[in-house]
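Reviewing the structure listed below.
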Amino acid sequence: GNSVTQMEGPVTLSEEAFLTINCTYTATGYPSLFWYVQYPGEGLQLLLKATKADDKGSNKGFEATYRKETTSFHLEKGSVQVSDSAVYFCALSSNSGYSTLTFGKGTMLLVSP
Amino acid sequence: ETGVTQSPTHLIKTRGQQVTLRCSSQSGHNTVSWYQQALGQGPQFIFQYYREEENGRGNFPPRFSGLQFPNYSSELNVNALELDDSALYLCASSPAGGTGSYEQYFGPGTRLTVT
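Chains as they are written, first to last, in this note's numbering: chain A, 1 to 113; chain B, 1001 to 1115.
Put into structure tokens, the structure is as follows:
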């Protein structure tokens, strides 16, 4: 079956540091890949997505590249801000049958001034 | 454009009771999915509804059931509540007929506590 593995947190960084959150997946076929962000007390917000190999998703300074050869979709940001503190979820969606999301366990990011 | 809304925001129930959670999908979206997010975990897929029919189901027992109405809003019902049902319940809507990789848009969730 489908599964997503993320690096465990929390990830603690100073403002303006470089961020990487690792994500690898197992899936049959060619899934679409997503990063969602969850701020304290809120639901999930889509951050970025990629639907095929070598696609790069980007939004708000975050980016991730769909790497089929390494089954990875690592999230990166060049310079984090305090407001980026949140929990980040990597997810995949099968492109066959009905579409549902399989999530990783989430990685908490804490950015200090 | 109104986003996905859920009610109530918080709920406290006793073990053995029944609960109904509600979700209004985003305008133009005909597919609704429900997820359970336990504390410190990623969301787990419960089931999906498309055109008032259950379109897919995750690994949850039959005491988790749902409905979708003609206006595409949805309910999640849980019978015989157990302590482990305490979680954030998320509703997500998407524009397509449940197939493909269309984006899912999430509501703010309902925090259910079972005592």
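Heads up, the beta-carbon is just placed ideally off N, CA and C, and yes, glycines get one too.
First through last residue of the beta strand (DSSP E) which encompasses Glu63(A): Against the first sequence, residue 63(A) aligns to sequence position 63. 62-65 is the extent of the beta strand (DSSP E) around Glu63(A).
message: For Leu1039(B), would you say it is in contact with chain A, using Cβ-to-Cβ distances shorter than 8 Å as the test?
response: Taking the second sequence and counting its residues from 1, one reaches residue 1039(B) at position 39. Closer than 8 Å: no.
- prompt: Is there at least one Cβ from chain A nearer than 8 Å to Pro1108(B)'s Cβ?
  reply: As a first step, residue 1108(B) is located in the second sequence; it is residue number 108 there, counting from the start. Chain A contact via Cβ: present.
task: With distances taken Cα to Cα, identify the nearest neighbour of Phe1106(B) among Phe1069(B), Gln1037(B), Leu1011(B).
output: Mapped onto the second sequence, residue 1106(B) falls at position 106. Nearest option by C-alpha distance: Gln1037(B).
message: Along the chain, where does the beta strand (DSSP E) containing Ser85(A) start, and where does it finish?
response: Here residue 85(A) refers to the residue found at position 85 when the first sequence is read from its first residue. Where Ser85(A) is concerned, there is no enclosing beta strand (DSSP E), given that its DSSP letter is neither H nor E.
field: Cβ-Cβ distance between Thr1009(B) and Thr1110(B) below 8 Å
entry: Within the second sequence, numbered from 1, the residue matching residue 1009(B) stands at position 9. Within the second sequence, numbered from 1, the residue matching residue 1110(B) stands at position 110. Yes. Within cutoff.
- request: Report yes or no: is there a C-beta of chain B within less than 8 Å of the C-beta of Thr100(A)?
  value: Translated into the one-based positions of the first sequence, residue 100(A) becomes position 100. Yes, its Cβ sits closer than 8 Å to a Cβ of chain B.
- request: Within its chain, find whatever has a CB closer than 6 Å to the CB of Gln1017(B); leave out the 5 residues flanking it on each side and keep chain order.
  value: Mapped onto the second sequence, residue 1017(B) falls at position 17. Correct list, in chain order: Leu1081.
task: Alpha carbon to alpha carbon, how far is Gln1068(B) from Tyr1050(B)? Give it in angstroms, no decimals.
output: Looking up residue 1050(B) in the second sequence gives position 50. Looking up residue 1068(B) in the second sequence gives position 68. Roughly 8 Å separates the two Cα atoms.
query: Under 8 Å between C-beta atoms, does Glu1053(B) make it to chain A?
result: Looking up residue 1053(B) in the second sequence gives position 53. With respect to chain A, the C-beta atom of Glu1053(B) has no partner C-beta closer than 8 Å.
message: Quick check: Met7(A) and Thr107(A), are their CB atoms within less than 8 Å of each other?
response: Residue numbering aside, residue 7(A) sits at position 7 when the first sequence is read from its first letter. Residue numbering aside, residue 107(A) sits at position 107 when the first sequence is read from its first letter. Yes. Within cutoff.
message: Measuring straight from C-alpha to C-alpha, what distance separates Asn1077(B) and Lys49(A)?
response: As a working mapping, residue 1077(B) is identified with position 77 in the second sequence. As a working mapping, residue 49(A) is identified with position 49 in the first sequence. In this structure, the straight-line span from the alpha carbon of Asn1077(B) to that of Lys49(A) is close to 31 Å.
query: Are the segment 1019-1035 of chain B and the segment 74-91 of chain A in contact at 8 Å, needing three or more beta carbon pairs?
result: Segments in contact, no.
- request: Go ahead and label Phe18(A) buried or exposed: buried means 16 or more other beta carbons lie within 10 angstroms of its beta carbon, across all protein chains shown.
  value: Position 18 of the first sequence holds residue 18(A). Here Phe18(A) is exposed. Its C-beta has fewer than 16 other C-beta atoms within 10 Å.
task: Closer than 8 Å by beta-carbon distance: list the chain A residues that pair up with Ser1033(B), in chain order.
output: Locating residue 1033(B) in the second sequence gives position 33, where the first residue counts as 1. Those within 8 Å of Ser1033(B) in chain A are Thr100, Leu101.
task: Would you please verify whether the beta carbon of Asn104(A) is less than 8 Å from any beta carbon of chain B?
output: Residue mapping note: residue 104(A) aligns to position 104 of the first sequence, counting from 1. Per the sequence shown, residue 104(A) should be read as Gly rather than Asn. The beta carbon of Gly104(A) sits closer than 8 Å to some beta carbon of chain B.
message: If we define contact as Cβ-Cβ less than 8 Å, is Phe73(A) a contact residue for chain B?
response: For the purposes of this step, residue 73(A) is taken as the residue at position 73 of the first sequence. Answer no: the Cβ-Cβ gap between Phe73(A) and chain B never drops below 8 Å.
task: Examine the Cβ distances between the segment 1011-1026 of chain B and the segment 33-40 of chain A and report whether three or more of them are shorter than 8 Å.
output: Short answer: they don't touch.
message: Taking the beta carbon of Ser1094(B) as the centre, do at least 16 other beta carbons fall within 10 Å, making it buried, or is it exposed?
response: In the second sequence, residue 1094(B) corresponds to position 94, counting from 1. Buried, by the Cβ-count rule.
- prompt: Fully enclosed by the segment 1022-1099 of chain B, which beta strand (DSSP E) runs are 3 residues long or longer?
  reply: 1031-1037, 1044-1050, 1053-1057, 1064-1068, 1074-1078, 1087-1094
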